[in-house]
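*Asks:* This is the structure I have questions about; it appears just below.
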Amino acid sequence: WASTAVGVPVKVGAISAETISAKRGLLPAFAPVIELQDVRLFDAQGRAALELPQVRVALSVASIWRGGVEQVVVDRPVLDVRRTSEGRIEVAGLDLSGPGPDDDAATDWFFSQREFAIRQGTVRWTDDLRGQPPLALSALDFVVRNTGRNHHFRLDATPPEEWGERFSLVARFREPLLTLGQGTRDEETARWRQWDGDLFADFQHVDVARLRAYVDLSEWGVEVDGGRGALKGWADVKRGAVTGASTELGLRQVQVRLGPSLPMLALDEIQGGLAAQWNADGFSFSTDDLRFRTAEGEHWPGGRVRVERVAGYAGGKPASTAISADQVDLSALSAIASRLPLGEATHRLLESLQPVGRMEGLDLRWEPDPMANGPGLAQAPLDAWPGGKYWAKGRVVGLSLKGAESERRSSRGDYPLPGRPGLTGATVDFDFNREGGKAHLELTEGQLELPGVFEATDLPLQRLQADAVWRVKGEQIEVDLDQVRMANADAEGTAKVRWRSSDPKTSPTGSRFPGMLELDATLTRALGA
512 WASTAVGVPV KVGAISAETI SAKRGLLPAF APVIELQDVR LFDAQGRAAL ELPQVRVALS
572 VASIWRGGVE QVVVDRPVLD VRRTSEGRIE VAGLDLSGPG PDDDAATDWF FSQREFAIRQ
632 GTVRWTDDLR GQPPLALSAL DFVVRNTGRN HHFRLDATPP EEWGERFSLV ARFREPLLTL
692 GQGTRDEETA RWRQWDGDLF ADFQHVDVAR LRAYVDLSEW GVEVDGGRGA LKGWADVKRG
752 AVTGASTELG LRQVQVRLGP SLPMLALDEI QGGLAAQWNA DGFSFSTDDL RFRTAEGEHW
812 PGGRVRVERV AGYAGGKPAS TAISADQVDL SALSAIASRL PLGEATHRLL ESLQPVGRME
872 GLDLRWEPDP MANGPGLAQA PLDAWPGGKY WAKGRVVGLS LKGAESERRS SRGDYPLPGR
932 PGLTGATVDF DFNREGGKAH LELTEGQLEL PGVFEATDLP LQRLQADAVW RVKGEQIEVD
992 LDQVRMANAD AEGTAKVRWR SSDPKTSPTG SRFPGMLELD ATLTRALGA
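Position one of the sequence shown corresponds to residue 512 (this note's numbering), numbered consecutively onward.
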């Protein structure tokens, strides 16, 4: 009978029964406890897929009425879970891969029972698809409690010593008050597909490298190779599907590749939080006080970064990407930029600018041209700017940017044209968009780098203060600097600066640059040579 009911060969060593009421001295006996000894289930190849030394099943009048049980307790089971070479999952010889009506009915029946527990069990995981050696989890304790619309799970198990220490998995789910089926009748019968809830995993000490053989992140372009330490993870579930995840890390000797064509990022240690949410309309990713030190000694001191992407025109909103950042070390970002998925243009710019400073706040939003099919800002920020709308606001402290020669000369070739200016030791507040913007700059005991302007490129400054406003009208660019105050060892004064791009049709260079400059300066102190 058991073999027919379960669908695989079953052998039972012994069966006994007693009643709860009889044990309490009560009559009549309506609540029996059935005990099965030496139960074994065999798979299609005749292998013992499930060995149960002892199973206790408690019944009640209510459970019998609903066609179920009150409690099932399995002591010291040995369970075989296998992924076949075809990618199908078999548990105790039963194929659980296909979402058929029988599978859903059995699952719904299981989750309608009051309690199911495994004590001190062993689970053997065999992966024929990947060709990995079997993995055994020992001293496994597992309990499922189903009360009304609530379903709680907990699993504690000990992996092999080289994998790490004992870990815990916890899940809490809740059924909707009303289950409205969608699609076929088969989908309507699968109540667990309607559940909401959360999952939690706690690994006090784990070898992350060993998980690589069983957890494939390649579809996200991520490769993890190495890492030992503590790991906690949470996952959000909506209508039976995972919609978000977060983790707290405390790992050492981590190696991770964040894109197929990127070099490996080797970290001596990493601590902090990561989180992600996703749905059909887009995704978000964030860090929380994430700190790490690379194998080369580069230090990321923490801070918060959040990226949010809305794809398409979901809900009537245009496609967009938003980035916010707080307490981000720019020199650390520049040092590891080549190993981050920022896009070629961003990599080139960071390598050229060699930024130093601390981003105390950044809010950036970008909307692409609806007709463009280029990369999104989340994948390649500067590669995606042309043709889109953008807004940026923020503050940088201790900013240093390296200047660069223009590598161009005047129309007659008599002198080099001014290059990209640089600066050292500045605090900058900025707010700009595609049409223009404004910025406030303060510099103390720093310098300006003005390639192609003076014979000495570097201009040391004791103090510099300026407010800049710029406007972009088609091809025309206008920049105004009011209330410029500056001082160094040789001079002190104020200035007003006004710059306009040239009309290419009338410019001697046939270009908008170098443009036209108006300078109104007053020196209050100067030392002659």
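Glycine included, C-beta positions come from ideal geometry on N, C-alpha and C.
So who's on the other strand from Trp1010, going by DSSP bridges?
*Replies:* Val990, Leu1028
*Asks:* Can you tell me whether Ile600 is buried or exposed, with buried defined as 16 or more other CB within 10 angstroms of its CB?
*Replies:* exposed
*Asks:* Rounded to whole angstroms, what's the CA-CA distance from Ala915 to Ala741? Just pull it up for me.
*Replies:* Cα-Cα distance, rounded: 45 angstroms.
*Asks:* Counting Cβ pairs closer than 8 angstroms, one from the segment 724-738 and one from the segment 709-716, do we hit at least three?
*Replies:* no
*Asks:* Determine contact between the segment 561-568 and the segment 579-596, defined as no fewer than three beta-carbon pairs at a distance below 8 angstroms.
*Replies:* yes
*Asks:* DSSP beta-bridge partners for Lys913?
*Replies:* According to DSSP, Lys913 bridges with nothing at all.
*Asks:* On the criterion of 16 or more Cβ atoms from any shown chain inside 10 Å, does Gly887 qualify as buried, or is it exposed?
*Replies:* Because Gly887 sits at a pLDDT of 46, beneath the cut-off of 50, its placement in the model cannot be relied upon, and the following sentence gives the value as read from the coordinates. By the neighbour-count definition (other C-beta atoms within 10 Å, threshold 16), Gly887 is a buried residue.
*Asks:* Measuring alpha carbon to alpha carbon, tell me which of Phe943, Lys949, Ala628, Ala977 ends up nearest Gly652.
*Replies:* The residue asked about is misnamed: residue 652 is Asp in this sequence, not Gly. Each of Phe943, Lys949, Ala628, Ala977 was checked against the Cα of Asp652, and the nearest Cα belongs to Ala628.
*Asks:* Using a Cβ-Cβ cut-off of 6 angstroms (strictly less than) and excluding sequence neighbours within five positions of Leu873, which residues of its own chain qualify?
*Replies:* Excluding positions up to five away in sequence, the list reads Ala836, Gly905.
*Asks:* Could you check where the alpha helix (DSSP H) with Ala843 kicks off and where it finishes?
*Replies:* 841-847
*Asks:* Could you tell me the distance, in whole angstroms, from the CA atom of Gly1044 to the CA atom of Ser797?
*Replies:* This structure leaves residue 1044 out entirely; the chain is present only between 512 and 1040.
*Asks:* Could you tell me if Thr805 is buried or exposed, where buried requires 16 or more neighbouring beta carbons within 10 angstroms of its beta carbon?
*Replies:* buried
*Asks:* Starting from Arg721, trace the alpha helix (DSSP H) both ways and give me its first and last residue.
*Replies:* 719-722
*Asks:* Take Leu666 and list the residues in its own chain whose beta-carbon comes closer than 6 angstroms to its own, dropping the five residues that flank it on each side.
*Replies:* Residues of the same chain with a CB within less than 6 angstroms of the CB of Leu666, apart from the 5 flanking positions on each side, are Phe653, Leu680 in chain order.
*Asks:* Less than 6 angstroms between C-beta atoms, sequence neighbours within five positions excluded: which residues of the same chain meet that for Glu780?
*Replies:* Arg763, Arg804
*Asks:* Sort Phe678, Glu686, Pro645 by Cα distance to His663 and report the nearest one.
*Replies:* Glu686
*Asks:* What are the residues that DSSP puts in a beta bridge with Ala950?
*Replies:* In the DSSP assignment, Ala950 forms a beta bridge with Phe941, Ala979.
*Asks:* Using 10 angstroms around the beta-carbon of Ser772, count the other beta-carbons present and answer buried if the total reaches 16, otherwise exposed.
*Replies:* exposed
*Asks:* Can you tell me where the alpha helix (DSSP H) holding Ser831 begins and where it ends?
*Replies:* Where Ser831 is concerned, there is no enclosing alpha helix (DSSP H), although the beta strand (DSSP E) it sits in stretches over 831-837.
*Asks:* Measure the alpha-carbon distance for Gln693 versus Arg704 and round it to whole angstroms.
*Replies:* A caution first: Gln693 carries a pLDDT of 46, below 50, which makes its placement in the model too unreliable to give a value.
*Asks:* Measure the C-alpha to C-alpha separation of Arg850 and Arg723 and round it to an integer number of angstroms.
*Replies:* 20 angstroms
*Asks:* Just the C-alpha distance for Ala846 and Thr832, rounded to the nearest angstrom, thanks.
*Replies:* One C-alpha to the other measures close to 24 angstroms.
*Asks:* Could you tell me if Thr1035 is buried or exposed, where buried requires 16 or more neighbouring beta carbons within 10 angstroms of its beta carbon?
*Replies:* exposed
*Asks:* Count the other CB atoms, across all protein chains shown, that sit within 10 Å of the CB of Asp840; report buried if there are 16 or more and exposed otherwise.
*Replies:* buried
*Asks:* Going by beta carbon distance, what residues of the same chain come within less than 6 angstroms of Thr595, once the five residues before and after it are set aside?
*Replies:* Once the five neighbours on either side are set aside, the close Cβ partners of Thr595 are Asp639.
*Asks:* In whole angstroms, what separates the C-alpha of Ala569 from that of Ile545?
*Replies:* 7 angstroms
*Asks:* With three or more beta-carbon pairs closer than 8 angstroms as the criterion, would you say the segment 946-953 touches the segment 975-991?
*Replies:* yes
*Asks:* Taking Gly868 and Val821 to be in contact with their CB atoms under 8 angstroms, please state how far apart those CB atoms are, rounded to whole angstroms.
*Replies:* 30 angstroms between Cβ atoms; not a contact.
*Asks:* Would you identify the three-state DSSP class for Gln782, choosing helix, strand or coil?
*Replies:* The answer is strand: DSSP assigns Gln782 an E or B state.
*Asks:* Have a look at Pro962 and Trp731 and give me their C-alpha separation to the nearest angstrom.
*Replies:* 43 angstroms
*Asks:* Hey, would you say Lys757 sits closer than 8 angstroms to Trp745, going by beta carbons?
*Replies:* Position check: residue 757 holds Ser in this sequence, whereas Lys was assumed. Cβ distance < 8 angstroms, so Ser757 and Trp745 count as in contact.
*Asks:* Could you tell me the boundaries of the beta strand (DSSP E) in which Leu547 lies?
*Replies:* 543-553
*Asks:* Quick check: Pro645 and Thr633, are their CB atoms within less than 8 angstroms of each other?
*Replies:* no
*Asks:* Since Arg859 is in the alpha helix (DSSP H), which residue starts that stretch and which ends it?
*Replies:* Residues 855-864.
*Asks:* Out of curiosity, what's the CA-to-CA distance linking Gly524 and Pro670?
*Replies:* Using only the alpha carbons, I get a separation of about 30 angstroms.
*Asks:* Note down the Cα distance separating Glu1003 from Thr1033, rounded to an integer number of angstroms.
*Replies:* 9 angstroms
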